[in-house]
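One structure below.
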Amino acid sequence: MPSYNLFTCSNCENHFRVLWPDPLPNHFHLRSKIKIVCPCGEMTELYAFLLDRILQAPDSTMPTVQVESVSSRDPSPEPYARAKWQQGIFLRRAARVKARLANLRIFIVEASVGIHQHSKKRLKRLSKLLICGLAAVGAMSRDG
Ligand SMILES: [Zn+2]
């Protein structure tokens, strides 16, 4: 049955069809850690067994990523590797939302500072007018 492996990047969350080295190294095992570099620049190392296996012929329009390296079999893989991998994707998503909110906050602060600066400028102009006015009054009183 035709099938392919699907990789989801924890940074950009895009899906890719995994291109394996040909030939596959002899030391390859599902407990091998493979290294994948996403087009977004994110480098990921994960157990081969964490890749989703899609049981259908690959769609030719689907973007691909290459397996850069294959480690030898890990004799004692981390417990809960799958849960941790999924949690990692979730945490990265939460961090991105948080960063977006922080950016929004910076924008609001900058906008309010902008308004503040604007009124400062107006105050400066007003005080200049006031000084000119006082000077004129002073000159008038001297003349008078
Ligand atoms: Zn990515």
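In this text, residue positions in the sequence shown follow this note's numbering: the first is 2, and each later residue adds one.
Every residue, glycine too, gets a C-beta built ideally from N, C-alpha and C.
ask   = What residues sit near ligand 1, counting only those whose C-beta is closer than 5 Å to one of its heavy atoms, in chain order?
value = C10, N12, C13, C39, C41, E43
key: Buried or exposed (CB count within 10 angstroms, at least 16 for buried), V19   = buried
task = State the start and end residues of the unbroken beta strand (DSSP E) segment that holds N27.
result = No beta strand (DSSP E) contains N27, which DSSP labels as neither H nor E.
request  = Just the C-alpha distance for A112 and R106, rounded to the nearest angstrom, thanks.
outcome  = 10 Å
task = From the DSSP output, in three-state form, read off N6 for me.
result = strand
inquiry  = Given 7 Å as the limit, tell me if K34 has its C-beta closer than that to any heavy atom belonging to ligand 2.
reply    = Here the bound small molecules are ligand 1; ligand 2 is not part of this structure.
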